[in-house]
Amino acid sequence: MYKKPSIKEWAVEDRPREKLLTKGTRSLSEAELLAILIGSGNSKESAVELSRRILMAVNNDLSALSKKDASYLLKFRGIGEAKAVNIMAALELGRRRKENGAAVKTVITNSNDAAKYFRPLLEDLPHEEFWVLLLNRSNTVIDKFMVSQGGVTGTVIDVKLILKFALEKLACSLILCHNHPSGNVLASEADKKVTQKIKDAAEMMEISVLDHVIIAHDQYLSFADEGLL
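Under UniProt numbering, the residues of the sequence shown are numbered 1 to 229, in order.
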């Protein structure tokens, strides 16, 4: 009876790990990189074949895969808890790498700058997060912080906490940002109300709210650009 060869029986140049060492990371497909993370497949599939099936399930979209939790990955035969954790950790490292890159841009001059700054943090998340960017008089970034983290449909915002951090950092202005995991970029009535609430409270402390940016996958909406502030 014919038995499918395992990865160990492949030609050395075709094995993902050896291929990475001899030809570099850029020579590997996404399935091969994923195969290195999971190490082994199952009785019917090699690690590479299993990786291809996992990627095909999300239309080969790594951003979509990064939104999946461990319970989703565990549905694939051959993926146990340890392998699921490896995949999730690697995807999170990729997200943080993009986040660190965003920190290079320290001056925010328009909504596009703000969206570029926040997109690495928020565009791939399966849940909603609300962040605040603190700026000085020259619109240079002082700091950023997450105000709240919630479910798919919303978060709870503590205005007092936002002002506390802004005053501690001597911020002159704020840019608010949150994501819509649904991909719907439109501002809801709740979004408009909380923005106005934060704006009114900040003005009492002589702090300006310059914008509220909504990140929805590869799109964004700016309250400032839309005349909603």
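Backbone N, C-alpha and C fix where the C-beta goes; we use that ideal spot for every residue, glycine too.
Since we're looking at a predicted model, the values are computed, not measured.
Secondary structure of Met146 (DSSP, three-state): strand.
The shortest C-alpha to C-alpha distance from Lys199 to any of Ile175, Leu73 and Ala35 is the one to Ile175. Leu186 and Arg17 have their C-alpha atoms some 45 Å from each other. For Leu229, the CB contacts under 6 Å within the same chain, skipping 5 residues up- and downstream, are Phe223 in chain order.
The alpha carbon of His127 has as its nearest neighbour, out of Ser208, Ser66 and Lys75, the alpha carbon of Ser66. The C-beta distance from Ile87 to Ile157 rounds to 32 Å, too long to fall under 8 Å, and the pair is not in contact. DSSP assignment within the UniProt domain "MPN" (107 to 229) yields the following whole beta strand (DSSP E) runs of 3 residues or more, N-terminal first: 129 to 135, 141 to 149, 173 to 179, 208 to 216 and 219 to 222. Of the other Cβ atoms in all chains shown, fewer than 16 fall within 10 Å of the Cβ of Asp143; this residue is therefore exposed. Within the same chain, Leu163 and Leu167 come within 7 Å of Met205 by CB-CB distance, once the 5 residues on both sides are set aside. In the structure shown, Val58 adopts coil according to DSSP, grouped into three states.
Restricting attention to His178, Gly24, Val48 and Gly94, the CA atom closest to the CA of Ala115 is found in His178.
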